[in-house]
Structures are given as structure tokens and as C-alpha cells.
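Below: one structure, written as C-alpha cells.
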Amino acid sequence: MKKKPENSGFKVPHNYFESFEARLKARMEESGGNLPAETGMAVPDGYFESFEERLKAKMQKPEPKVIQLKSYRKYWVSAVSAAAILLLTFSLFGPGNNELGFDDLAKGEIEAYFENKDIELNEYEIAQVIPVDELEVQDLLDDNIDREQLMDYLDESLEDIDDLNFSIDE
192 MKKKPENSGF KVPHNYFESF EARLKARMEE SGGNLPAETG MAVPDGYFES
242 FEERLKAKMQ KPEPKVIQLK SYRKYWVSAV SAAAILLLTF SLFGPGNNEL
292 GFDDLAKGEI EAYFENKDIE LNEYEIAQVI PVDELEVQDL LDDNIDREQL
342 MDYLDESLED IDDLNFSIDE
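Pasting the structure below:
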């Protein structure tokens, strides 16, 4: 690190500040103050003599009637809050909010869900859930299955069919 210099570079004559006041006073007396005779601001003649009368005349003018707006404020606040409550009530409990049920789903959407999701249900569990009493033969025959699709399915699930162990009694 560099050392700070002892001298700052500014020099003042010896006893400069001790005799400063005396020199300043002498210079002020010598020049007579050099203050201008006029300030540069002009006041009209008789301004201050008639000032009080003009002030009273301005103060005595009738003030316009003031209408208080705060009295209407409570009505506005209550009207806005009532409207907000009604809007919220109709939006939450209105007739347009019908809950969706199982009947609203399309058959294709249900099939796509079971195909795309990894549901760990085997054929037996699915068969227990399906209401067999309500099924009709026509419902099962509505789907047009191509011969190629049937063959592909049987090829893929041949091992599962062997695991079923059908007996003649069934």
C-alpha cells in the first residue's frame, strides 16, 4: 500500500485564519457594503394601505354549497357487495353445473382409458365388475371385428387361454 502524503497540496499563508475577521470587517467598511439601493421588486402605490380591505372582501364571498359524498358511499358499498354475493352464488350453485356421470362418457373414451393406462386388473377381476345380467347378445355383436384383428388377438393371448384350464362341466 502507498503511504498517504503528509501535505495535501494546498497551502495557506501563516496566520491566515487568525486575522481573517479583521480583514473582512475592514473590507466591508471600505466599500460601504456595496449593497444596491433598490431590491428590484416594485410594489404598487397604496398596496399595503388597501390590502386589508381587499382581503376582507375576498373572504366575505359566499362559499358554494358542498355536497357530502360519504353518505352515498355506504349504499355503493352495500350494492357492490350484494352484487358480488349474487354473482358468486349463481356461478357456484347455478343450473349450469351438472355433474358428469358414467353415462356421459363415450364408449371409445372408456376403451382408450383402459388401453392406455396401466391398470392391474386381470380378466377375472374385470369379469366380476361387468354386470352380466344387463348384457345382451346384440351389445356384444355390435362391434365389427375384422378377421385380421381377431387372429392378432388370439396370437397374442394364446398363452392366457391355455392358463384358463377350461373344463367340460363349465
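Numbered by our numbering, the letters in the sequence shown go through residues 192 to 361 in order. Ideal Cβ positions, reconstructed from N, Cα and C, are used throughout, including at glycine.
Cα-Cα separation between residue i and residue j, rounded to whole angstroms
i: Met219; j: Tyr207; result: 18 Å
i: Leu312; j: Glu347; result: 18 Å
i: Gln340; j: Gly292; result: 31 Å
i: Glu197; j: Val203; result: 15 Å
i: Lys308; j: Ile317; result: 15 Å
i: Glu243; j: Thr230; result: 24 Å
i: Val257; j: Arg264; result: 16 Å
i: Lys298; j: Ala274; result: 43 Å
Helix, strand or coil at residue i [DSSP, three-state]
i: Leu326; result: coil
i: Ile317; result: helix
i: Lys193; result: coil
i: Leu341; result: helix
i: Leu312; result: coil
i: Phe370; result: There is no way to answer for residue 370, as the model of the chain reaches only from 192 to 361.
i: Lys202; result: coil
i: Asn335; result: coil
is_contact[residue i, chain C] using C-beta, thresh 8 Å
i: Tyr315; result: The structure shown has no chain C; it contains just one protein chain.
Run through the region 220-305 for me and flag every whole beta strand (DSSP E) of 3 or more residues, listed as ranges in chain order. none
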